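Q:
Number of protein chains: 2
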Amino acid sequence: MAQVKAEYDFQSQPNTGELSISAGEVLTVIRENIDGGWIEGRNVRGSVGLFPESYVTPYQASRPPPVLPPPLPPTSSGPPAASSRPFDDWGGASEVAAPPSYGAQHHHQPTPSVPEVTRSSYPSQNDDFDDEWTDEDDEQEPTRPNVQSSIGSNSRRDLSRSHSEHGGPDRGSNKVNKNINRFSNFVKSGVEAYVIGESKTTSQISERHEVVMNNGIIQWKPIQQYYTCIVDKPKKESKLKGLKSFIAYSITSSLTNIQRQVSRRYKHFDWLHEQLSAKYVLIPIPPLPEKQVAGRYEEDLIDHRKHILQLWVNKICRHPVLSQSEVWLHFISCTDEKDWKNGKRRAEKDEYIGGAFLNCITVPHQPLDPNNVDMQVERFQRSVKTSEEAMRVMQERMNMFQKVFAGPVKQNWQKMGSAFKTLQQSFEIDETVASRRLTEALAYTASEYHEIGQVFDAHTKNDMEPVLENLYSYKGTVQNVPDIIQVHKQAVQKFRDSEGRLSSAEAEKMKQRIDAMSYTVIAEVQHQTAEKVEDMKSTMGTYLKKQAMFYQEVATKLTSLAARYD
Amino acid sequence: MAQVKAEYDFQSQPNTGELSISAGEVLTVIRENIDGGWIEGRNVRGSVGLFPESYVTPYQASRPPPVLPPPLPPTSSGPPAASSRPFDDWGGASEVAAPPSYGAQHHHQPTPSVPEVTRSSYPSQNDDFDDEWTDEDDEQEPTRPNVQSSIGSNSRRDLSRSHSEHGGPDRGSNKVNKNINRFSNFVKSGVEAYVIGESKTTSQISERHEVVMNNGIIQWKPIQQYYTCIVDKPKKESKLKGLKSFIAYSITSSLTNIQRQVSRRYKHFDWLHEQLSAKYVLIPIPPLPEKQVAGRYEEDLIDHRKHILQLWVNKICRHPVLSQSEVWLHFISCTDEKDWKNGKRRAEKDEYIGGAFLNCITVPHQPLDPNNVDMQVERFQRSVKTSEEAMRVMQERMNMFQKVFAGPVKQNWQKMGSAFKTLQQSFEIDETVASRRLTEALAYTASEYHEIGQVFDAHTKNDMEPVLENLYSYKGTVQNVPDIIQVHKQAVQKFRDSEGRLSSAEAEKMKQRIDAMSYTVIAEVQHQTAEKVEDMKSTMGTYLKKQAMFYQEVATKLTSLAARYD
Numbered sequence: 001m002a003q004v005k006a007e008y009d010f011q012s013q014p015n016t017g018e019l020s021i022s023a024g025e026v027l028t029v030i031r032e033n034i035d036g037g038w039i040e041g042r043n044v045r046g047s048v049g050l051f052p053e054s055y056v057t058p059y060q061a062s063r064p065p066p067v068l069p070p071p072l073p074p075t076s077s078g079p080p081a082a083s084s085r086p087f088d089d090w091g092g093a094s095e096v097a098a099p100p101s102y103g104a105q106h107h108h109q110p111t112p113s114v115p116e117v118t119r120s121s122y123p124s125q126n127d128d129f130d131d132e133w134t135d136e137d138d139e140q141e142p143t144r145p146n147v148q149s150s151i152g153s154n155s156r157r158d159l160s161r162s163h164s165e166h167g168g169p170d171r172g173s174n175k176v177n178k179n180i181n182r183f184s185n186f187v188k189s190g191v192e193a194y195v196i197g198e199s200k201t202t203s204q205i206s207e208r209h210e211v212v213m214n215n216g217i218i219q220w221k222p223i224q225q226y227y228t229c230i231v232d233k234p235k236k237e238s239k240l241k242g243l244k245s246f247i248a249y250s251i252t253s254s255l256t257n258i259q260r261q262v263s264r265r266y267k268h269f270d271w272l273h274e275q276l277s278a279k280y281v282l283i284p285i286p287p288l289p290e291k292q293v294a295g296r297y298e299e300d301l302i303d304h305r306k307h308i309l310q311l312w313v314n315k316i317c318r319h320p321v322l323s324q325s326e327v328w329l330h331f332i333s334c335t336d337e338k339d340w341k342n343g344k345r346r347a348e349k350d351e352y353i354g355g356a357f358l359n360c361i362t363v364p365h366q367p368l369d370p371n372n373v374d375m376q377v378e379r380f381q382r383s384v385k386t387s388e389e390a391m392r393v394m395q396e397r398m399n400m401f402q403k404v405f406a407g408p409v410k411q412n413w414q415k416m417g418s419a420f421k422t423l424q425q426s427f428e429i430d431e432t433v434a435s436r437r438l439t440e441a442l443a444y445t446a447s448e449y450h451e452i453g454q455v456f457d458a459h460t461k462n463d464m465e466p467v468l469e470n471l472y473s474y475k476g477t478v479q480n481v482p483d484i485i486q487v488h489k490q491a492v493q494k495f496r497d498s499e500g501r502l503s504s505a506e507a508e509k510m511k512q513r514i515d516a517m518s519y520t521v522i523a524e525v526q527h528q529t530a531e532k533v534e535d536m537k538s539t540m541g542t543y544l545k546k547q548a549m550f551y552q553e554v555a556t557k558l559t560s561l562a563a564r565y566d
Numbered sequence: 001m002a003q004v005k006a007e008y009d010f011q012s013q014p015n016t017g018e019l020s021i022s023a024g025e026v027l028t029v030i031r032e033n034i035d036g037g038w039i040e041g042r043n044v045r046g047s048v049g050l051f052p053e054s055y056v057t058p059y060q061a062s063r064p065p066p067v068l069p070p071p072l073p074p075t076s077s078g079p080p081a082a083s084s085r086p087f088d089d090w091g092g093a094s095e096v097a098a099p100p101s102y103g104a105q106h107h108h109q110p111t112p113s114v115p116e117v118t119r120s121s122y123p124s125q126n127d128d129f130d131d132e133w134t135d136e137d138d139e140q141e142p143t144r145p146n147v148q149s150s151i152g153s154n155s156r157r158d159l160s161r162s163h164s165e166h167g168g169p170d171r172g173s174n175k176v177n178k179n180i181n182r183f184s185n186f187v188k189s190g191v192e193a194y195v196i197g198e199s200k201t202t203s204q205i206s207e208r209h210e211v212v213m214n215n216g217i218i219q220w221k222p223i224q225q226y227y228t229c230i231v232d233k234p235k236k237e238s239k240l241k242g243l244k245s246f247i248a249y250s251i252t253s254s255l256t257n258i259q260r261q262v263s264r265r266y267k268h269f270d271w272l273h274e275q276l277s278a279k280y281v282l283i284p285i286p287p288l289p290e291k292q293v294a295g296r297y298e299e300d301l302i303d304h305r306k307h308i309l310q311l312w313v314n315k316i317c318r319h320p321v322l323s324q325s326e327v328w329l330h331f332i333s334c335t336d337e338k339d340w341k342n343g344k345r346r347a348e349k350d351e352y353i354g355g356a357f358l359n360c361i362t363v364p365h366q367p368l369d370p371n372n373v374d375m376q377v378e379r380f381q382r383s384v385k386t387s388e389e390a391m392r393v394m395q396e397r398m399n400m401f402q403k404v405f406a407g408p409v410k411q412n413w414q415k416m417g418s419a420f421k422t423l424q425q426s427f428e429i430d431e432t433v434a435s436r437r438l439t440e441a442l443a444y445t446a447s448e449y450h451e452i453g454q455v456f457d458a459h460t461k462n463d464m465e466p467v468l469e470n471l472y473s474y475k476g477t478v479q480n481v482p483d484i485i486q487v488h489k490q491a492v493q494k495f496r497d498s499e500g501r502l503s504s505a506e507a508e509k510m511k512q513r514i515d516a517m518s519y520t521v522i523a524e525v526q527h528q529t530a531e532k533v534e535d536m537k538s539t540m541g542t543y544l545k546k547q548a549m550f551y552q553e554v555a556t557k558l559t560s561l562a563a564r565y566d
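Residue numbers (UniProt numbering), protein chains in the order written: chain R, 1 to 566; chain A, 1 to 566.
Next comes the structure, spelled out in structure tokens:
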């Protein structure tokens, strides 16, 4: 029986047939390719259940771990693309392609079996959005790991492309070698190619961005026209005469020139997320809501996903680069079916993605002090690590609060309420005049205590849920930061390693490219830092206000109760 | 190995070596007579621990249940008193007496081994209060079952006495037979003797009480001069040059003619409780605090016991009969050592206890309608049962609240506080100007959240504890009600059974005695009903006020926190 190894923790939902798995755990596969993204398997303790394919990698206990293949000759364009499975999630292509294996779906693992993808493999004849996907496919796709798999995964087609496209005879000088680890993010994202000056593109740059220096602060050129997008109450829609149903979210933008509403499904968001992650390789893209199998159409869950999509959209609207992104603007504005498909094709053919995107950024001429850059990046890294720890604890504690408040505490209020009712009945039996006012007070207490139980429950839903959603969004965003910093470090290292072997003119050009990259990274650090201040100020401020109102509500109810006993 | 059967539930305290037992459970005795009141035993699940002797009775699995002994001839005064153990808790008498067995300590069980006690067995030469008791004896006495064991148990010496004293040749008519079950409360308390007119006393009545009819309501003659008693912060005292230590409570009464402070130990309260239970057989005596082995001198426990003693004292002060009781007045006023001992001896020799006490009560001449009496008693019984149920739930829920608030909820607040602190640190790393106000807000939030955790903890102690103490006191009081009602019922039944066999003059006299008893019971029902109204009004009103203040405090803190995020 095939075995797989868990790469991430996966927490099963109750009553869904799911199986919790822990990173590192080895599982035996019973059935695979279930509903497009799940595996049924057994753990070593004998428990059987479903877990997402994308959380595991093939595992062969008896063999030594796979070794890296020898470095490719510069002319190689990689293994043939026949077995690849790019975008088979997208259209009907999967029906004609070979059945996908879960191993091929996992992109973080640098195993030789992951094929490089060339553009020729796009199932372009099937790339419309109104495809054969059942709603089940739509919604039962495996939960995405709680990371933007940006550089390593979502951008697989695009990033590997920069290899195949530049994989011809070595046209540069021999002095700078390519990295032998062609699966590192640094290489795959095309940043290496950019750094060594091999990021060649044929098309015109259509999207330009700028890093500016403002009172000594390096930042993205501020947004000229702020706009917002509203993700609306999602609707269940169906097609094929009701055979297939799905949830469609409407998006309404405040951009005056494109003031209209579009309808988008989760899989469209997912596609967009992939495009953004591939293109804006040094920008942490916020996370989409996790996919869920159970209770797909349950009110709470749909609301929850809508809120996280709203946070996602907010973060993009507030981002100086992302908010101006062509693919994004297309996403929020296109209502015409044909334009929509053209835009999709255009985005997928975009050359200025990954490392090549750095060519679209204008930065100040002033050279940067590498030590200063290092210091700023290092400081950001520490700050992110510290906030992540804080948010982990907050999430954990707030989940606990929810459990305790909506569970035993609510129950206690309501059972106390019933006891007040019983006590009232005992006084009614006595039929004494003295107790008449008391029995009224007790009856009122009974009903108010029941009500307060509900207030506690509502507090966990209405007041705590938004904080948890914000923490999820923040954590999902910064989880990409280490990858970005790593790519930046490798670029700087590349420059240092190469410097001695280059002519001063070449070195100067390379330094300029490194600086462009550092400007980009620092501008992004600046943006993320400012965003964190705003995010936390508003998230925590709002929460504390709601929390205060909640306790005030309980206090007011109790004060009015107590008065009845005077 | 000897076996015992649990007669009551006993809940072990953590880390004391105690073992929880459930009524009906059979346990194997490992060691008995430990510290005067504990048994070390093993349950069927193999757990070993200590439980109170008085909670169990001897158990012989292989033998049939003990049968009742044949009715005694009227001349019998019962088995010799040599093996009895009256008041060996009181003085050094236990040192000369045969070692007590736990079986003999249990009085509810009508086993033949329970000896009847005659006055001759009093260890009167040793009945001073300054006895050989170690503090351990004082405090490690077994927890009293959460019932006033009034009629059946505490009054054992006194009640059996009414038998032995009237156990001579049958001086009455043969028409009314004595009950064959000489261990029933009805018989033991001397109520039967009173009803059949055999309650003979030789001494003068010194304590008189009166039932009056007020606007058609039967009640105790109202208290002429209300007074209060304060149980003061207990002090640890020692004697024998510090070898023995104990807790002494001071009692200060507001009675003008005896305005002084006395010092009393728990065992003195216990003795008094026994006297009151024996004498006022139709009045439910409130419960003393439970005895505790663990953490005897722990601040919280001492406070807790003090509060329950205060509630006990309050209930007595508010009771028209008990507040005028000679033994009680002696207890709260006597400071002279010699007087104290004399008073003690006087109380123990009191003839007007149990059924005989009914001779001390003046009631209206108007005959009572038995049906009306029945209806009132039955209504009271239902009301008590209903309130008991309400209080059981309240106790349970409030205990739960305490556990949850002082446990996970407090912890959550404080861990959230730490997370706010960590978040603040992450902003400090960023060193941005924009975040300065936010970091201050976060630091303040961290410390206030920690503080709110404490407030929750304090709420469970300061606000919930008094309610629990009141519920304990109320429940302990009404737990005696079924016994009292049973005795009353048996008396009425006795009259009905005898009526046809009596001359009309005798029947008339007997009816008067039954009426005296019914007047007493209904006056007491009236008192208890009024007390419940006042108790619950003040307990619940106070609690709701404190609860409101607690939530208000949290709300105020949070409001001031939230303002810092604006």
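Using N, Cα and C, we set each Cβ at its ideal position, and we do this for glycine too. Given the structure is predicted, the values throughout are model-derived calculations rather than measurements.
#1: Which whole runs of the beta strand (DSSP E) in the UniProt domain "SH3" (1-61) of chain R are 3 residues long or more, in chain order?
#2: Take N462 (chain A) as the anchor and find which of A:V195, A:D300, A:F186 has the nearest alpha-carbon.
#3: With a cut-off of 8 Å on the beta carbons, I'd call K5 (chain A) and E192 (chain A) a contact; round off their distance for me.
#4: Excluding the five sequence neighbours on either side, which residues of its own chain have a C-beta within less than 7 Å of the C-beta of K475 (chain R), listed in chain order?
#5: Could you name the residues of the segment 511-538 of chain R whose beta carbon sits closer than 7 Å to any beta carbon of chain B, in the order they occur along the chain?
#6: Can you check whether the C-beta of I308 (chain R) is within less than 8 Å of a C-beta belonging to chain A?
#7: If contact means a Cβ-Cβ distance below 7 Å, which residues of the segment 375-389 of chain A contact chain R?
#8: Quick check on this structure: which residue in R:C317, R:V187, R:Y280 has the alpha carbon closest to the alpha carbon of P222 (chain R)?
#9: Mind the definition here: the segment 485-504 of chain R touches the segment 340-347 of chain R only if three or more C-beta pairs lie below 8 Å; say whether that holds.
#10: Unbroken alpha helix (DSSP H) runs of length 4 or more, entirely within the segment 431-515 of chain A: which are they?
#11: Could you please tell me which residues of the segment 387-407 of chain R, in chain order, have their CB closer than 7 Å to any CB of chain A?
#12: So, K415 (chain A) versus V393 (chain R), is the Cβ gap smaller than 8 Å?
#13: If you reduce the DSSP assignment to three classes, tell me which class I332 (chain A) lands in.
#14: For a cutoff of 8 Å on Cβ pairs, would you count M540 (chain R) as touching chain A?
#15: Using a Cβ-Cβ cutoff of 7 Å, what residues of the segment 190-222 of chain A are near chain R? List them in chain order.
#16: Counting only beta-carbon separations shorter than 8 Å, does Y59 (chain R) have a partner in chain A?
#17: Check whether chain R comes within 8 Å of T228 (chain A), counting only Cβ atoms and requiring the distance to be less than that.
#18: For a contact meaning CB atoms closer than 7 Å, what does S435 (chain R) contact in chain A?
#19: Using 8 Å as the threshold, is the C-beta distance between H527 (chain A) and H209 (chain A) below it?
#20: If contact is defined by three or more beta carbon pairs under 8 Å, each pair taking one atom from either stretch, is the segment 442-459 of chain A in contact with the segment 404-422 of chain A?
#21: What is the rounded straight-line gap between the Cα of Y194 (chain A) and the Cα of H488 (chain A)?
#22: Given this structure, state the Cα-to-Cα distance separating K279 (chain R) from H450 (chain A), to the nearest angstrom.
#23: Nearest to S54 (chain A) by CA position, among A:E18, A:P289, A:T16, A:Y8, is which residue?
#24: Under 9 Å, CB to CB, which of the residues in the segment 417-430 of chain A have a partner in chain R?
#25: Taking its Cβ as the centre, do 16 or more other Cβ atoms sit within 10 Å of E524 (chain A), making it buried, or is it exposed?
#26: Under 8 Å Cβ-Cβ, which residues of chain A neighbour T432 (chain R)?
#27: How do the segment 502-517 of chain A and the segment 356-373 of chain A stand: do at least 3 beta-carbon pairs fall below 8 Å, yes or no?
#28: Helix, strand or coil for K244 (chain A)? Go by DSSP, reduced to three states.
A: Taking the geometry as given:
#1: 3-6, 26-34, 38-42, 48-52, 56-59
#2: A:D300
#3: Actually they do not touch by this definition, with Cβ atoms about 29 Å apart.
#4: E388, M391
#5: Going by chain labels, chain B is absent from the structure shown, which instead holds the protein chains R and A.
#6: no
#7: R379, R382, S383, T386, S387, E389
#8: R:C317
#9: no
#10: 436-458, 465-478, 481-499
#11: S387, E389, A390, V393, M394, R397, M400, F401, V404
#12: yes
#13: helix
#14: yes
#15: none
#16: no
#17: no
#18: V533
#19: no
#20: yes
#21: 12 Å
#22: 45 Å
#23: A:Y8
#24: S418, A419, F420, K421, T422, L423, Q424, Q425, S426, F427, E428, I429, D430
#25: buried
#26: T529, A530, V533
#27: yes
#28: strand
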